[in-house]
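First the structure, in the form of structure tokens, and then the observations on it.
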Amino acid sequence: MKQVVQAKLQRYWDLRAAGNFSFGGTGSGLIIAAALAFAVGAPALAVVVAIVLGLGLIGLGLFCVWLEIGRPWRAINVFFHPHTSWMTREALLVPPLMAAGAAAVLFDIRFVFLAALFAAGFLYCQARMLHASRGIPAWCQKETVPLILSTGVAEGIGLYLVIGLVIAAAPPAMIAAALLAAVLREAAREAYRRGVIAAKAPEGTLAWFSLREEKLLTAARYLAIALLALAFAGLVPAALGGLLVVATGWGLKVMLITRAAFMRGHTIQYTPARGRDSSHAVMPS
Amino acid sequence: MTRYVMVADLRRCVGCQACTAACKEANATPPGVQWRRVLDIEVGEYPDVKRVYVPTGCQHCADPPCMHVCPTTATRQRADGIVTIDYDLCIGCAYCAVACPYEARFKVDHPKFAFGEEASVSEQARFDEKKIGVATKCTFCVDRIDSGCAKGLVPGRDPDATPVCVNTCISGALAFGDIEDPDSNVSHLLAENKWFRMHEEAGTAPGFYYLWDKEAP
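Taken in order, these protein sequences are the chains called V and U.
Residue 208 in my numbering sits at position 206 of the first sequence, with consecutive numbering throughout.
Residue 1115 in my numbering sits at position 20 of the second sequence, with consecutive numbering throughout.
In structure tokens form, the structure reads like this:
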């Protein structure tokens, strides 16, 4: 016998939580991009601006979370459980990340490499936070981790290209890196889609892939890749593709947090044997 | 060692929701918050359709994901397996709520009352500010268990040391006790009947067992 599983969309985390994953992901990705740009000889001013903007975005993301929690004035308690909580670990990485970023801006630009290391850790914690959410099949997929990592890095490099438009043109290596990151993100997204389908995620989660908004986002992601390829050939400004990478990354995370996040629903394995009736094994439909 | 678990006999549950009402009364939960629920699940396709009533709530898992993800250590597990929340530590991030595969956790950000904006006299008397903006869930009536045990009573056998949902169940569908005690009622029920636990695939080792048929003789 089959049971129709009525999985509900989670309502605990809304756009404010999505803001943390979007701004925090882009911010940490941007600091990683700044280190990359410095390594390939980008102007120091562009690197400094990227660091400051990256730290600001991470701060903005954390502010979004602060707005979401029920008891904001005891937010300090978030540091209490580093043994197993990825949320605590994410929070613990913020002070050294901010300090390393500030040191890079104020004292020695080479601290950007240390900041990038902490930023990578921050981004990894974000990915693992979602993966640890066992109540939400769309998040606890193992493919969520590479999806969040690649999205953050792609957004960061993409935003660096936008900075390059204002301050100094990004080196070709950065455009190539942005193109590679955008392609890897698309591969991670496709692997995620296949993983979710294979894991028989709730109907609502699977329906996400056929939503009109998601189809538009997918088209925009492909357009971003095309624009970056054209930018690499010198045909269009790289910032255009970079901006689209950032926008589509945020869109993907908003969808993942607020639209695809269906709970598991309640399921039973057998119907009870009542009276003279026999029991039956139950399969989710 | 002691490990308290709940057993729900699906053959006996009639979906009367008496446990739900008792839980609500005992714990003064606001509208929309039901620590003990009875789901009305439909299985099969016409003409072979069955309706199954499934009591549910916090499963007090042996490996609770809510505890692992909690950034504040507000969610803890006692030595007897009961998963608790310290309302003074919880920051209301709701990470535990999205980590729970059983939809057992609730968070109310603003006071809510049954009859509009104003609290009734009884609601006013039992309103607990500590439960606003934090995660809440079924506690297995841990206060009753502790006070009962202090008087030498046995949880699951003596009503004063047993969760109110179990005491209230009209059909004896709910049972509570120590699964580590081979002579407890729950140990006997699990030995004599076929059972399953919900979402075993999540690896949480829930402490809530569902009986569905007699064990073969």
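From the three backbone atoms N, C-alpha and C, an ideal C-beta is built for every residue, glycine too.
Within chain U, partners of residue i - CB distance below 8 angstroms
i: residue 82 of chain V; result: 1166, 1167, 1168, 1184
i: residue 194 of chain V; result: The contacting residues do not exist; residue 194 of chain V stays about 18 angstroms from chain U at best.
Integer Cβ distance of residue i from residue j, believed to fall under 8 angstroms
i: residue 79 of chain V; j: residue 1186 of chain U; result: 5 angstroms
i: residue 1220 of chain U; j: residue 1239 of chain U; result: Not confirmed; about 19 angstroms, so no contact.
i: residue 107 of chain V; j: residue 168 of chain V; result: Not a contact, Cβ separation roughly 17 angstroms.
i: residue 1293 of chain U; j: residue 1197 of chain U; result: 7 angstroms
i: residue 271 of chain V; j: residue 283 of chain V; result: 7 angstroms
i: residue 25 of chain V; j: residue 59 of chain V; result: 5 angstroms
i: residue 9 of chain V; j: residue 195 of chain V; result: Contact doesn't hold; Cβ gap of about 18 angstroms is too wide.
i: residue 256 of chain V; j: residue 17 of chain V; result: 7 angstroms
Residue-chain proximity (residue i, chain V), Cβ-Cβ < 8 angstroms
i: residue 1155 of chain U; result: no
i: residue 1293 of chain U; result: yes
i: residue 1202 of chain U; result: yes
i: residue 1308 of chain U; result: yes
i: residue 1110 of chain U; result: no
i: residue 1228 of chain U; result: yes
i: residue 1305 of chain U; result: yes
i: residue 1231 of chain U; result: no
i: residue 1131 of chain U; result: no
C-beta neighbour in chain U for residue i, strict 8 angstroms
i: residue 24 of chain V; result: no
i: residue 137 of chain V; result: yes
i: residue 152 of chain V; result: no
i: residue 72 of chain V; result: yes
i: residue 5 of chain V; result: yes
i: residue 130 of chain V; result: no
i: residue 199 of chain V; result: no
i: residue 89 of chain V; result: yes
i: residue 93 of chain V; result: yes
Burial state of residue i (16 or more Cβ within 10 Å)
i: residue 1301 of chain U; result: buried
i: residue 1096 of chain U; result: exposed
i: residue 1210 of chain U; result: exposed
i: residue 14 of chain V; result: buried
i: residue 1141 of chain U; result: exposed
i: residue 67 of chain V; result: buried
i: residue 1247 of chain U; result: exposed
i: residue 202 of chain V; result: exposed
i: residue 109 of chain V; result: exposed
i: residue 1205 of chain U; result: exposed
i: residue 1274 of chain U; result: buried
i: residue 1166 of chain U; result: buried
i: residue 46 of chain V; result: exposed
i: residue 1226 of chain U; result: buried
i: residue 89 of chain V; result: buried
i: residue 204 of chain V; result: buried
i: residue 103 of chain V; result: buried
i: residue 1137 of chain U; result: exposed
i: residue 1178 of chain U; result: buried
Any non-hydrogen atom of the ligand COA within 7 angstroms of residue i CB
i: residue 1287 of chain U; result: As for the ligand COA, it is missing from this structure, which has no ligand bound.
Under 7 angstroms by beta carbon: chain U residues contacting residue i
i: residue 15 of chain V; result: 1189, 1193
i: residue 77 of chain V; result: 1186
i: residue 12 of chain V; result: 1193
Listed by chain order, chain V residues near residue i by CB distance under 7 angstroms
i: residue 1196 of chain U; result: 136, 137, 266
i: residue 1283 of chain U; result: By Cβ distance, chain V contributes nothing, its closest Cβ being about 18 angstroms from residue 1283 of chain U, past 7 angstroms.
i: residue 1234 of chain U; result: Per Cβ cutoff of 7 angstroms: no residues; residue 1234 of chain U is ~19 angstroms from chain V at best.
i: residue 1173 of chain U; result: The contacting residues do not exist; residue 1173 of chain U stays about 17 angstroms from chain V at best.
Proximal chain V residues relative to residue i, where beta-carbon distance stays under 9 angstroms
i: residue 1139 of chain U; result: 3, 4, 5, 273, 282, 284
i: residue 1297 of chain U; result: 136, 137, 142, 266
i: residue 1151 of chain U; result: 268
Under 9 angstroms by beta carbon: chain U residues contacting residue i
i: residue 86 of chain V; result: 1162, 1163, 1164, 1165
Residue i: contacting residues in chain V (beta-carbon distance under 8 angstroms)
i: residue 1136 of chain U; result: 5, 268, 270
i: residue 1147 of chain U; result: 270, 273, 274
i: residue 1106 of chain U; result: 274, 275, 276
Below-8 angstroms beta-carbon distance, residue i vs any chain A residue
i: residue 5 of chain V; result: This model lacks chain A altogether, as its protein chains are V and U.
Next item on the list: Can you check the stretch 1150-1201 of chain U for any beta strand (DSSP E) of at least 3 residues that lies completely inside it and give the ranges in chain order?
Entry: 1170-1172, 1178-1180
Notebook entry, point to check: Which runs of the alpha helix (DSSP H) fall wholly inside the stretch 65-137 of chain V and span at least 4 residues, in chain order?
Noted result: 88-108, 114-133
Item checked: Start-end ranges of the beta strand (DSSP E) lying completely within the stretch 132-181 of chain V, minimum 3 residues -> none
Checklist line | Length at least 4, wholly inside the stretch 1216-1260 of chain U: the alpha helix (DSSP H) runs in chain order | finding: 1216-1221, 1237-1245
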